Structures are given as structure tokens and as C-alpha cells.
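Asks: When the letters of the sequence shown are read in order and numbered with my numbering, they come out as residues 29 to 177.
Could you have a look at this structure, given as C-alpha cells, before my questions?
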Amino acid sequence: MTTNNAALDTVIEHANETTKAAGERVREFAQIGVRKATEGFEQISKAAQTASEELNTQVTQARDGATKAGLKLLEVAKEDADAGFAAMRDFLAAKSPLEAFDVSAKYWRGRIETRIAQAQDLGAFVRKAADDAVRPVQERIEKFAKAAA
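Set out below in C-alpha cells:
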């Protein structure tokens with residue numbers, strides 16, 4: 029009976045050791061999984077934070093560009109109003125209908141030339157502002173595409 033008990037005790041001891049070793053392996057595997065998941069989360073978190081900061085920078089650049097474009101439009105409107113008042117003053121001060129017609133013709137010719145120049149200037153400014161706002165996004169996409177390839 030002692031032989032049976034000894035054999036049984038050996039089997040139980042072996043089973044306990046095997047269970048303990050298996051438990052330790054499962055725990056180690058779980059710890060590795062948790063560590064890798066934490067590292068992955070930290071990388072994703074850093075990437076998201078970087079993307080958020082870049083997006084904020086781009087939005088700020090776009091907002092600044094829009095503000096400057098609005099100020100340019102106000103400047104154009106002021107120039108137009110000043111030119112209109114000056115032309116009206118000269119028109120009302122004209123001594124003859126011919127002189128009044130000449131003032132009117134000069135005003136409109138000047139306004140057309142000025143509008144063309146202003147439109148070109150504003151177009152160039154808006155293009156540059158849009159390019160400045162989009163360039164970081166393009167660079168980021170190209171960098172990501174190269175990294176993925």
C-alpha cells in the first residue's frame with residue numbers, strides 16, 4: 029500500500045509541478061502579450077498625437093491664409109471706394125461735359141487695369157496659401173507611402 033501511495037504521491041507531485049510550470053508559461057505568455065500590446069498602444073498614441081499636432085498646425089496655417097486673404101479683399105475694397113470717391117469729386121468738379129466724360133473714362137480704364145492686377149495678386153496669394161497648407165499633408169502621405177513600400 030505504501031508503494032501505491034508513493035506512486036500516487038509521485039504522480040500528484042509530478043502533476044503539480046507540470047501544472048505549476050504550465051501556469052508560469054501561461055503567465056509569461058500573458059505578460060509578453062500585455063507588454064507588446066502596451067508598446068503598440070504607445071506607438072499608436074504617439075502617432076495620433078503627432079498627427080493631431082500637424083493637423084492643428086495646418087489648420088492654423090489655413091486660417092492665417094484665409095485671414096490674410098480677407099484683409100487683402102478689404103484693402104481692395106478700400107482702394108476701390110477711395111478711387112470711386114476721388115473720381116466722383118473730379119467728375120463733379122468738371123467744367124464741361126467733355127471733361128466729365130474724360131474723368132469717367134479715366135476712372136473706368138484705371139479700375140479695369142487695377143482689378144486685373146488685384147485679381148492676379150490675390151490669385152497668386154491664395155494659391156501660395158493653399159500650397160503652404162497642403163504641402164505638409166502631401167509630404168506626410170509621401171513619407172507614409174515610402175515607409176509602407
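In this text, a Cβ means the ideal position worked out from N, Cα and C, and glycines have one as well.
Quantities reported herein were computed from a predicted structural model and do not represent experimental measurements.
#1: Tell me, please, whether the segment 131-138 touches the segment 78-86 by the rule of three or more beta-carbon pairs shorter than 8 Å.
#2: To which residues of the same chain is K96 closer than 8 Å at the C-beta, ignoring the five residues directly before and after it?
#3: Go ahead and pull the three-state DSSP assignment for A121.
#4: Within 10 angstroms of its Cβ, does A161 collect 16 or more other Cβ (buried), or is it exposed?
#5: So, do the segment 106-117 and the segment 58-73 have three or more beta carbon pairs nearer to each other than 8 Å?
#6: Give the straight-line distance between the Cα atoms of T142 and Q148, rounded to the nearest whole angstrom.
#7: Mind checking whether K74 and L150 have CB atoms under 8 Å apart?
Replies: Reading from the atomic positions:
#1: They do not touch, by the three-pair rule.
#2: Around K96: F153, A157.
#3: Taken through DSSP and simplified to helix, strand or coil, A121 comes out as coil.
#4: Buried: at least 16 other Cβ atoms inside 10 Å.
#5: At 8 Å Cβ cutoff, the stretches do not touch.
#6: Cα to Cα, the separation comes out at about 10 Å.
#7: No, Cβ-Cβ distance for K74 and L150 is not below 8 Å.
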